[in-house]
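Participant: My questions will all concern the structure given below.
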Amino acid sequence: MAFKKLISVSEVTEGSLVVVKTRHFNVVVTRVEGDYFAFEDSCTHDGEEISCGKLEGSVITCPRHFAKFDVRNGKVLALPATEPLVIFPVRVNGADLEVDLEAV
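Take a look at the structure:
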């Protein structure tokens, strides 16, 4: 695994959706019930930036066609999406949030 610092822990509050630009794509980082999660900022149905959607608990809704996903594991919860979100492993290292962008 190739964990690299993506953001400071203090920048991600409970229920927020923080978009971090990487060299190849944008990553959304969130905190749900005290745990951190990271996923690609793209709805698997049509490529819409999912960070523009609404997060309720651990469920994010795409703003375009209302597909729903569980941000903890990427699982599709409502059509029209059929493929899960791309999820990245996350770990806390001191004050840093590290993500393995190569694990996918």
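Note that the UniProt record's numbering gives residue 90 to position 90 of the sequence shown, counting from 1, and the numbers run on in steps of one. For each residue, glycine too, the CB sits at the ideal point set by N, CA and C. All values derive from a computational prediction rather than experimental measurement.
Have a look at Arg23 and Arg64 and give me their C-alpha separation to the nearest angstrom.
Facilitator: Going from the Cα of Arg23 to the Cα of Arg64 covers about 25 angstroms.
Participant: Identify the continuous beta strand (DSSP E) that holds Leu6 and give its terminal residues.
Facilitator: Its beta strand (DSSP E) spans residues 3 to 8.
Participant: Could you tell me whether the segment 87 to 98 touches the segment 45 to 54, using the rule of 3 or more Cβ pairs below 8 angstroms?
Facilitator: Judged by Cβ distances under 8 angstroms, the segment 87 to 98 makes no contact with the segment 45 to 54, as fewer than three pairs qualify.
Participant: If I follow the unbroken beta strand (DSSP E) through residue 106, where does it start and stop?
Facilitator: Here the chain comprises residues numbered 1 to 104, so residue 106 is not present and cannot be evaluated.
Participant: Could you tell me if Glu8 is buried or exposed, where buried requires 16 or more neighbouring beta carbons within 10 angstroms of its beta carbon?
Facilitator: Inspection of the sequence shows that residue 8 is occupied by Ser rather than by Glu. It counts as exposed.
Participant: So Ala69 and Leu85 are supposed to be a Cβ contact under 8 angstroms. How far apart are they, rounded?
Facilitator: Just to set this straight, residue 69 is Phe in the shown sequence, not Ala. About 5 angstroms; that satisfies the 8 angstroms criterion.
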